[in-house]
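J.: Sharing a structure here in structure tokens format.
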Amino acid sequence: MASTVLRLVSLVVALSGTAVLRAEISVERSVGDARIERVDHLGSSDLVILDSGFEAGLRQGMVCTVKRDSVWIGELLLVDLRPRVASALILDLVSNESFQSGDSVIAKTVSSKK
Numbered sequence: 000m001a002s003t004v005l006r007l008v009s010l011v012v013a014l015s016g017t018a019v020l021r022a023e024i025s026v027e028r029s030v031g032d033a034r035i036e037r038v039d040h041l042g043s044s045d046l047v048i049l050d051s052g053f054e055a056g057l058r059q060g061m062v063c064t065v066k067r068d069s070v071w072i073g074e075l076l077l078v079d080l081r082p083r084v085a086s087a088l089i090l091d092l093v094s095n096e097s098f099q100s101g102d103s104v105i106a107k108t109v110s111s112k113k
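Using numbering that gives the first Met the number 0, read the sequence shown as starting at 0 and increasing by one per residue.
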């Protein structure tokens with residue numbers, strides 16, 4: 000599962016001889032939990048606009064998988080990020096397919112196996 004962006008809701012530290020730390024954490028969304036908003040055709044390349052950005056944990060240079068109905072259809076490279084919007088270039092796309100509004104975008108993550 001992708002990394003998770005967490006928001007610290009409250010932090011209470013009480014010092015009375017020993018330190019007590021209590022934190023409540025809520026999950027806002029998974030990193031890379033985005034959808035394609037639109038595709039802008041710019042002549043020699045297409046720019047894919049996503050409905051999530053920096054605040055969702057996306058970062059410039061990330062490679063993302065694009066799926067429709069749980070089927071892999073391509074990959075994107077994130078090139079520009081704003082707090083709630085990102086733009087990406089197409090790295091790979093299944094033959095005879097095109098990215099559509101609503102396609103699911105998932106950031107690829109690296110995991111180590113021991």
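For glycine and all other residues, C-beta sits at the position ideal for the given N, C-alpha and C. Owing to the predicted nature of the structure, the values given are computational and were not obtained by experimental measurement.
Please name the residue, chosen from LYS66, VAL78, ASP79 and LEU80, that lies closest to VAL93 on a Cα-to-Cα basis.
T.: Here the closest residue by C-alpha is LYS66.
J.: Taking Cβ to Cβ, would you say ALA85 is nearer than 7 Å to LEU57?
T.: Cβ distance < 7 Å, so ALA85 and LEU57 count as in contact.
J.: Is the CB-CB distance between ASP102 and ILE35 below 7 Å?
T.: Closer than 7 Å, so yes.
J.: Tell me where the beta strand (DSSP E) around GLY42 begins and ends.
T.: It is not in any beta strand (DSSP E) - GLY42 carries neither H nor E in the DSSP assignment.
J.: Confirm, please, whether the CB-CB distance from ALA33 to SER51 is below 7 Å.
T.: Cβ distance < 7 Å, so SER51 and ALA33 count as in contact.
J.: Which first and last residues belong to the beta strand (DSSP E) in which THR64 is found?
T.: Taken as a continuous stretch (DSSP letters only), the beta strand (DSSP E) holding THR64 covers 62-67.
J.: Could you compute how far the alpha carbon of VAL129 sits from the alpha carbon of THR108?
T.: Given that the chain is displayed from residue 0 to residue 113, the structure contains no residue 129 and the question cannot be resolved.
J.: Please name the residue or residues paired with ASP91 in a DSSP beta bridge.
T.: Its beta-bridge partners are GLU74.
J.: Decide if VAL104 is buried, meaning its Cβ has at least 16 other Cβ atoms within 10 Å, or exposed.
T.: By the 10 Å Cβ count, VAL104 comes out buried.
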